[in-house]
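S.K.:
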Amino acid sequence: MNESAFSDDKCNESIQVFEQEAYIDGSTQFRSKFFTQLESKFNRLSKWVVIALFSVFVLWRHDAEALWFATGSVLNALLSVLLKHILNQERPTTSKSDPGMPSSHAQSIFFTASFVILSSVEWTGLNLFTIAAGGLVVASGSYFSYLRVSQQLHTMSQVVVGAAIGSIFSSLWYRLWNAFVLDAFISCIWVRVVMLLLGSAGIYLGFFSFAIPYWFLQE
């Protein structure tokens, strides 16, 4: 009688352990699927974040520097496409077949982030607000760039290289504006004509007709 009761208790304990393990496994799979879907949505959102940051900066500055920034955005996108075809490095095996080095998303995100931070510091000075805002922009850009890795759309090296190229090109583009182009824009009417007419007619159209469609269709 006692042996039978002991066997029943042991059997019940085994069933409870099995049920607990099944519950834990089910919960883990649910959380994993939930976060994967959430990251996928955030990854798609990254395109709109770049567009929003670009638009806010242009509307905030609405000057020649904003036009120069838009020009750089287009050239940065073209540079990314050129480098992809030159380097011709494959994406992760589960991703698309087109080249992945460097990541266009990371390059565009960090070009925009770097230029906005540099311009903000110059315009309002280095203070608590610009430091906090700059840190938030960099952190957000890093997270959205990392999503390209977690979604297996790029390798980590492709994202890091894209972020580095975008930051470096943005810094050089910003320095070129302050070192040469700004003075030429002020002193030479032909420079103003080129930037205002060709820039407003071509650069913005180029950005919205090439860069944005490329992000949506190619990645």
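Our numbering numbers the first residue of the sequence shown as 202 and each following residue consecutively.
Positions of the beta carbon are idealized from the N, C-alpha and C atoms, including for glycine.
Given the structure is predicted, the values throughout are model-derived calculations rather than measurements.
1) Check whether the Cβ atoms of Phe370 and Asn277 sit closer than 8 angstroms, and answer yes or no.
2) Using CA coordinates, which residue listed in Ala253, Trp391, Ala380 is at the minimum distance from Ile310?
3) I'd like to check one pair, Ser321 with Ala334: are the Cβ atoms closer than 8 angstroms?
4) Out of Met302, Ser346, Asp264, Phe316, which has the shortest C-alpha to C-alpha gap to Leu373?
5) Using the Cα positions of Phe330 and Gly336, report the straight-line distance between them to the nearest angstrom.
6) Measure the alpha-carbon distance for Arg292 versus Phe255 and round it to whole angstroms.
7) Which residues in the same chain as Ala314 place their Cβ atom closer than 7 angstroms to its Cβ, once the five residues preceding and following it in sequence are excluded?
8) Between the segment 358-366 and the segment 264-273, do three or more beta carbon pairs fall short of 8 angstroms?
9) Which ranges would you report for the alpha helix (DSSP H) in the segment 243-306 if only whole runs of at least 4 residues count?
10) DSSP state of Leu354, grouped into three classes?
11) What would DSSP say about Ser368, mapped onto helix, strand or coil?
12) Going by DSSP in three states, Gly326 sits in which element: helix, strand or coil?
13) Hey, out of Asn379, Val259, Val350, whose CA is closest to Glu323's CA?
14) Taking Phe386 as part of the alpha helix (DSSP H), name the residues at either end of that continuous run.
M.R.: Let me lay it out:
1) yes
2) Ala253
3) yes
4) Phe316
5) 10 angstroms
6) 27 angstroms
7) Val338, Val339, Gly342
8) no
9) 265-288
10) coil
11) helix
12) coil
13) Asn379
14) 383-388
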